[in-house]
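Only one structure is covered here, and it is reproduced in the block below.
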Amino acid sequence: MEVTLLGTGDTTGTPTVDCDCDTCERARDPDAALRERMRDRGVDPSDGVERSRFSVFVRNEETGESLLVDASPDFRHQFLTQDVGLPDAAIVTHVHFDHLDGLGNAYRLFDDLPVHAADETDPVTGESVAEGIRSRYDYLDTVSVHAQTPYETFTVAGFDVTLVPVEHPPLLCYGLRIEEPSSGAVLAISGDTCYEIPERSKAALSGADLALVEGIVHEEACEFHPKGGAHHDENGVPRTFGTKHMTLPGARDFADDVDADAYRIVHTAHYVPADRAFADDIAVDGERFSL
């Protein structure tokens with residue numbers, strides 16, 4: 001299994017448009033030390049360091065098939081700048097625009113793109129993620145939507161895939177367990193979530209070779225959220241920012257909780273201070289892993 005991180009940022013990405021904060025400025029113009037660290041991670045920093053909106057490309061090296069996790073609004077840019085082909089299928093974790101709106105790029109690029117999503121009805125929207133995709137993209141004849149039941153494993157692109165319910169109120173959202181059956185390689189994706197998720201979900205995400213864990217901001221940012229922070233550790237550090245995203249310490253604890261061999265923090269915002277925003281465990285676009 002080869003995993004390419006196409007997009008590793010939150011809803012505005014890093015650098016953010018028209019932002020001159022220290023983190024965005026450092027991303028646009030990395031210093032020599034940061035450039036060298038990026039090269040060590042297999043990332044070309046010649047045009048700066050980027051975290052575009054979230055998306056992951058997973059290639060099955062046994063079958064040659066590939067799977068796209070979430071359709072980022074930065075779809076075109078990601079596929080022009082990263083050395084990957086178009087996917088054979090896609091999965092959408094939830095209906096927030098930064099995970100879904102790139103699906104419109106299927107127009108005139110694909111003869112057929114099967115898109116898999118959960119069949120569980122969301123009480124807020126009155127429809128499942130699968131139904132939301134069907135209604136929003138009914139004009140795309142090349143897109144076929146395949147509803148899947150959470151916790152029930154299905155096969156796509158030669159992978160065994162399980163949609164794993166997480167906590168991202170007010171909407172339903174799902175993480176993923178993706179396993180290549182012949183090698184046993186496992187990728188776990190937390191999805192957008194707070195720290196506290198059902199034990200069944202935590203078990204499903206455990207034991208992965210690589211975990212991609214959502215961590216949107218540093219813990220001090222909770223002081224500026226109207227709902228503060230939640231799920232504090234034994235030292236009082238909040239592991240949830242507000243109600244629906246993990247802090248960086250929360251993401252690190254989560255990766256430890258699910259006993260991942262390796263992890264990267266994804267969906268990170270530009271609000272993280274510049275001296276902490278480029279830590280080695282916080283993902284950047286273009287990182288690639290062979291599992």
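Position one of the sequence shown corresponds to residue 1 (full-length UniProt numbering), numbered consecutively onward. Ideal Cβ placement from N, Cα and C applies to all residues, glycine included.
Reference residue i; option with closest CA among the options
i           : options                           : result
Thr153      : Thr162, Val145, Ala147 and Val186 : Thr162
Val145      : Arg41, Gly132 and Arg39           : Gly132
Asn60       : Glu2, Gln78 and Leu248            : Glu2
Arg264      : Asp275, His96, Ala27 and Leu248   : Leu248
Val115      : Glu179, Leu109, Glu127 and Arg134 : Arg134
Pro30       : Ile197, Arg288, Glu199 and Ala277 : Ala277
Lys202      : Ile178, His232 and Ala255         : Ala255
Tyr107      : Ser206, Val84 and Leu140          : Leu140
Ile178      : Pro150, Glu196 and Phe159         : Phe159
residue 292 : Asp20, Asp112, Val124 and Ser46   : An answer regarding residue 292 cannot be provided, because it is not within the stretch 1 to 291 covered by the chain.
Pro169      : Asp138, Ser206 and Thr125         : Thr125
Glu196      : Tyr151, Asn235, Lys227 and Asp257 : Asp257
Ala262      : Gly228, Ser206 and Phe224         : Ser206
Met246      : Glu167, Pro226, Ala185 and Gly236 : Glu167
8 Å Cβ cutoff met for residue i and residue j
i           : j      : result
Ser55       : Val43  : no
Thr11       : Arg53  : yes
residue 298 : Ser72  : A query on residue 298 cannot be resolved here, the shown segment of the chain reaching from 1 to 291 and no further.
Ala208      : Ala260 : yes
Tyr271      : Ala230 : no
Cys173      : His94  : yes
residue 312 : Ala283 : A query on residue 312 cannot be resolved here, the shown segment of the chain reaching from 1 to 291 and no further.
Phe75       : Gly102 : yes
Thr63       : Phe110 : no
Val92       : Leu86  : no
Thr14       : Cys24  : yes
Asp253      : Asp280 : no
Arg288      : Thr81  : no
Tyr151      : Ala89  : no
Arg26       : Leu34  : yes
Buried versus exposed, by CB contacts within 10 Å (16 or more), residue i
i           : result
Pro165      : buried
Asn105      : buried
Ala211      : buried
Gly175      : buried
Thr155      : exposed
Lys244      : buried
Arg39       : exposed
Ser183      : exposed
Pro181      : exposed
Leu291      : buried
Thr149      : exposed
residue 296 : Residue 296 lies beyond the stretch modelled for the chain, which goes from 1 to 291, so this question has no answer here.
Asp83       : exposed
Ser57       : The sequence shown places Phe at residue 57, not Ser. Buried, since its Cβ has 16 or more Cβ neighbours within 10 Å.
Ala250      : Residue identity check: residue 250 is Gly in the sequence provided, not Ala. Buried is the call here.
Ala269      : buried
Arg200      : exposed
Asp18       : exposed
Val224      : According to the sequence as given, residue 224 is Phe; it is not Val. Label assigned to Phe224: exposed.
Phe79       : buried
Residue i beta carbon near the ligand FAD (any heavy atom closer than 7 Å)
i      : result
Leu163 : With respect to the ligand FAD, the structure offers nothing, as it holds no ligand at all.
Scan the region 109-197 and note each continuous alpha helix (DSSP H) run of 4 residues or more that stays entirely inside, going in chain order. Complete alpha helix (DSSP H) runs here, min 4: 129-136.
Next item on the list: Mind the definition here: the region 112-126 touches the region 206-223 only if three or more C-beta pairs lie below 8 Å; say whether that holds.
Entry: no
Original post:
Which runs of the beta strand (DSSP E) fall wholly inside the region 41-71 and span at least 3 residues, in chain order?
Top reply: 55-59 and 66-69
Item to complete: Examine the Cβ distances between the region 176-189 and the region 232-242 and report whether three or more of them are shorter than 8 Å.
Response: With the cut-off at 8 Å, the region 176-189 and the region 232-242 do not touch.
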